[in-house]
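Q: Take the position in the sequence shown, starting the count at 1, then add 16; the result is the number in our numbering. Where is the CB? At the ideal position from N, CA and C, for every residue including glycine. The structure is given below, and queries will be raised subsequently.
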Amino acid sequence: MSTPQIPIRPIALADPAARAPSVAATPRRHWRELVGLALEADDLYGAAALYPYACGHDQERLGARLFNTRRDRLALATLSFAPAAVLARLAAVAHESSDTTLGVRLARNPSTPGRALEALAAHAGETDEAWRLWQLLARHANAPHALLAAIASRTEDLAVLRALCENVDVPADLLTQLEQRGIATLQRLLAIHLATDEETLTRLWNSTRANAVRAQVLRHPYCPDALLRSIPASVPEKRSVALHARTSAEVLTLLAREDDATVRRAAAVNPGTPAGALIALCFDAEPAVRRAVAARADVAPRVVDWLAGDADAWVRRSLARNPACPVEWLSRFVQDEESGVRRAASRHPRCPARLLALLATDDVAWVRAGVAYRDDPPRAVLNQLARDTDVDVLCGVARNPATSQARLARLAEHDVPDVRRAVILNRQATRRVLLPLRDEGYPLHRVLVFEHPNLTDADRWRMRLDPDSEARMRIFGYFGRTLAPQTSPATRLAHRNITAHDLQQHPVHDPTNMMEPR
């Protein structure tokens, strides 16, 4: 598969070589210039960005620049944004030179591809440092399933086994094998892991009386239904049952009456808690419980009526921003003495235009900024906010898609970097507004300008001499993809690592179930 070649429009440069008459030769000339710049640079970033797309003599020259000294190899191995082809080559060098330290750094790098990890494992020794390598490989999210199974079969080291249990991509069958070893210190990790199946969870439940383990079993999405039909003894277990999506309405009603406030709050959060149980929670003595009720997506109008005058400002905040809150109640919230409540009302998705106009004149800048960050403020309100002097308000105006280009051009010259960055982040900003921002003093801003969809490749090409090494790496990587003369073996390897291995073997997991939703 050949790398797509996007011709760069000829641009007028002081360098006569850049004004060659042949448009077809422009990509090749630009590619050669990038390679030359990367080889002459004091840092390795440009060469690393181009290496995956180079071939033949160019790849040899870039490889010599990248991999010749151990100091450079160790530095590259720590870069989490290094291309997969570079990290794969480093893994081969680590094997050839028996450099365990380099291997450990690669195993610690979250971007190291699976094939490189397999190469590191194939040549790992039995030294203390090698066991550290095994531990890192066991925890690595890109480790192939076959490698993880091999690690599990060859070790009894508790640190390595813990690392396997903490790896989000460990398959369910391997977790079952780890549970069958009966190691008590692994039980909670196995109960937390989202790939643990129902049978394994049942065995974990029956094999321990530890509240911490049982609470995680009860919180797990694959928790057996039978365990959710009764109320357990400990508070952590009750809280887990109250949070579970499959807990019955009858059990949730009982948990909503528990003495412990954290259990009642968990019941208030659960979408399955019946309306009758929520009535008592509206008047709960614990503010955190009432806040959870106020934030529910199905909050009833009568509940809003009861909670709108709550003494706790966070309860009123939750109501004011809740899309389920009836619009007629917003008139009360925009007059609230707490600025946080008024700010929340400004973010309500159905806040009427007349209330937005009122909030745009609020004494507190953070409230006015809430209006400015909306996509739908009336034109007159947006123009009024554009004359504000507060930075937060101006940032909202600068990011607003309805702001005029003339206004964006003026904001792009603002003294405060946050305002200029907001202009750059506005996807409606035109090329004319963005061009002066290519010379921003902050590297992050220049990268954001470079990646803006309204710039042309000719505009981007003029940014190739960026003084910041990491920004230049992003720029070189972009042009490496578009200008490379042909697909190199390194590119094919990197592509295979990303698609054929990672996407097929590793299912997408949700975040760990250790934390309660907020």
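1) Does any heavy atom of the ligand ADP sit closer than 7 Å to the C-beta of Arg121?
2) Express the C-alpha separation of Val305 and Leu297 in angstroms, rounding to a whole number.
3) Please classify Asp74 as buried or exposed, where buried requires at least 16 other C-beta atoms within 10 Å of its C-beta.
4) By Cβ distance, which residues of its chain are closer than 6 Å to Glu302, with the 5 residues on each side in sequence left out?
5) Just to confirm the assignment: which complete alpha helix (DSSP H) runs, minimum length 4, are found wholly within the region 234 to 317?
6) So Ala369 and Arg333 are supposed to be a Cβ contact under 8 Å. How far apart are they, rounded?
7) Leaving aside the five residues before and after Ala284 along the sequence, list all residues of the same chain whose C-beta is less than 6 Å from its C-beta, in chain order.
8) When DSSP labels each residue in this structure, what does Tyr69 get in the three-state scheme?
9) Going by the CB atoms, is the gap between Arg366 and Gly386 shorter than 8 Å?
10) Check the C-beta distance from Ala135 over to Ala107 and give it rounded, since I have them as a contact under 8 Å.
11) For Ala428, does the three-state DSSP call read helix, strand or coil?
12) Output the boundary residues of the alpha helix (DSSP H) element that contains Ala168.
13) So, is Glu195 buried or exposed, given that buried needs 16 or more other C-beta atoms within 10 angstroms?
14) What's the call for Pro99, buried or exposed, on a 16-neighbour Cβ count within 10 Å?
15) If distances are taken between C-alpha atoms only, which option among Val380, Leu398, Asp379 comes closest to Ala388?
16) Would Val186 and Leu210 be called neighbours here (beta carbons separated by less than 8 Å)?
17) Kindly list the residues whose CB is nearer than 8 Å to the CB of Asp213, restricted to its own chain and excluding five residues on each side of it in sequence; keep chain order.
18) I need the boundaries of the alpha helix (DSSP H) containing Arg124, first residue and last residue.
19) Secondary structure at Tyr458, three-state DSSP: helix, strand or coil?
20) Counting C-beta neighbours from all protein chains within 10 Å, is the total for Pro129 16 or more, i.e. buried, or is it exposed?
21) Thinking just about the alpha-carbon of each residue, which of Ala311, Ala316, Asp275, Ala282 is nearest to the one in Gly292?
22) Less than 8 Å separating the beta-carbons of Pro252 and Ala228?
23) Whose C-alpha, out of Leu66, Tyr61, Gly62, Leu55, is nearest the C-alpha of Pro501?
24) Anyone know if the C-beta pair for Leu559 and Arg384 falls short of 8 Å?
25) Please classify Pro452: does DSSP put it in a helix, a strand, or coil?
26) Assuming the contact rule is C-beta atoms closer than 8 Å, Leu427 and Leu410 should be a hit. Round their C-beta distance to whole Å, please.
27) Starting from the C-beta of Arg348, find all residues in its chain whose C-beta is less than 7 Å away, skip the five residues before and the five after it, and write them out in chain order.
28) Count the other C-beta atoms from every protein chain shown that fall within 10 angstroms of the C-beta of Ala282, then say buried if there are 16 or more, exposed otherwise.
29) My output table needs one value for Asn84: the three-state DSSP class, helix, strand or coil.
30) Is the distance from the Cβ of Tyr69 to the Cβ of Arg497 below 8 Å?
31) Cβ atoms of Thr224 and Gln203: under 8 Å apart, would you say?
32) In chain order, what residues of the same chain lie with their CB nearer than 7 Å to the CB of Glu182, ignoring the 5 residues before and after it?
33) From which residue to which residue does the alpha helix (DSSP H) around Arg437 run?
34) Could you check whether Val279 and Lys254 sit closer than 8 Å to each other, using their CB atoms as the reference points?
35) Does DSSP put Tyr61 in a helix, in a strand, or in coil?
36) Considering only the alpha carbon of each residue, which of Ser485, Arg312, Thr446, Ser264 lies closest to Val331?
A: By the coordinates alone:
1) The ligand ADP is absent from the structure shown, which contains no ligand whatsoever.
2) If I take the Cα positions, the gap works out to 7 Å.
3) Residue environment for Asp74: buried (at least 16 other C-beta atoms within 10 angstroms of its C-beta).
4) Once the five neighbours on either side are set aside, the close Cβ partners of Glu302 are Ala277.
5) Here the runs fully enclosed are 251 to 259, 265 to 271, 277 to 285, 291 to 298, 303 to 310.
6) Beta-carbon to beta-carbon, Ala369 and Arg333 are separated by about 22 Å, too far to satisfy the 8 Å threshold.
7) Leu297, Val305, Ala308, Val309.
8) Under the three-state reduction of DSSP, Tyr69 is assigned to helix.
9) Against a cut-off of 8 Å, the Cβ pair of Arg366 and Gly386 comes out as no contact.
10) About 5 Å separates the two Cβ atoms, so the contact holds.
11) It is coil, neither helix nor strand.
12) First-last of the alpha helix (DSSP H) with Ala168: 161 to 170.
13) The residue in question, Glu195, is buried, as its Cβ has 16 or more Cβ neighbours within 10 Å.
14) With 16 or more other Cβ atoms within 10 Å, it is buried.
15) The candidate whose alpha carbon is nearest that of Ala388 is Leu398.
16) Between Val186 and Leu210, the CB-CB gap reaches or exceeds 8 Å.
17) Closer than 8 Å at Cβ, skipping near neighbours: Ala188, Leu191, Thr192, Tyr238.
18) Unbroken alpha helix (DSSP H) run through Arg124: 116 to 124.
19) DSSP places Tyr458 in the coil class of the three-state scheme, outside both helix and strand.
20) Of the residues assessed, Pro129 falls on the buried side of the cut-off, its CB having 16 or more other CB atoms within 10 angstroms.
21) Selected option, being the one with the closest Cα: Ala316.
22) Remark: C-beta atoms of Pro252 and Ala228 approach each other more closely than 8 Å.
23) When each option's Cα is compared against that of Pro501, the closest is Leu66.
24) Residue coverage of the chain in this structure runs from 17 to 534, which leaves residue 559 outside it and unanswerable.
25) In the structure shown, Pro452 sits in a helix (DSSP, three-state: H, G or I).
26) Contact holds; Cβ gap of about 6 Å.
27) Non-local beta-carbon contacts of Arg348 in its own chain, meaning distances under 7 Å to residues more than five positions away in sequence, involve Ala324 in chain order.
28) Burial call: buried.
29) DSSP places Asn84 outside both helix and strand once states are collapsed to three, so it counts as coil.
30) Yes; because the gap between Cβ atoms is below 8 Å, this pair is in contact.
31) Contact flag set, yes.
32) The answer, listed in chain order, is Arg155, Leu205.
33) 433 to 441 is the extent of the alpha helix (DSSP H) around Arg437.
34) Closer than 8 Å, so yes.
35) DSSP places Tyr61 in helix when its eight states are reduced to three.
36) For the residues Ser485, Arg312, Thr446, Ser264, the minimum Cα distance to Val331 belongs to Arg312.
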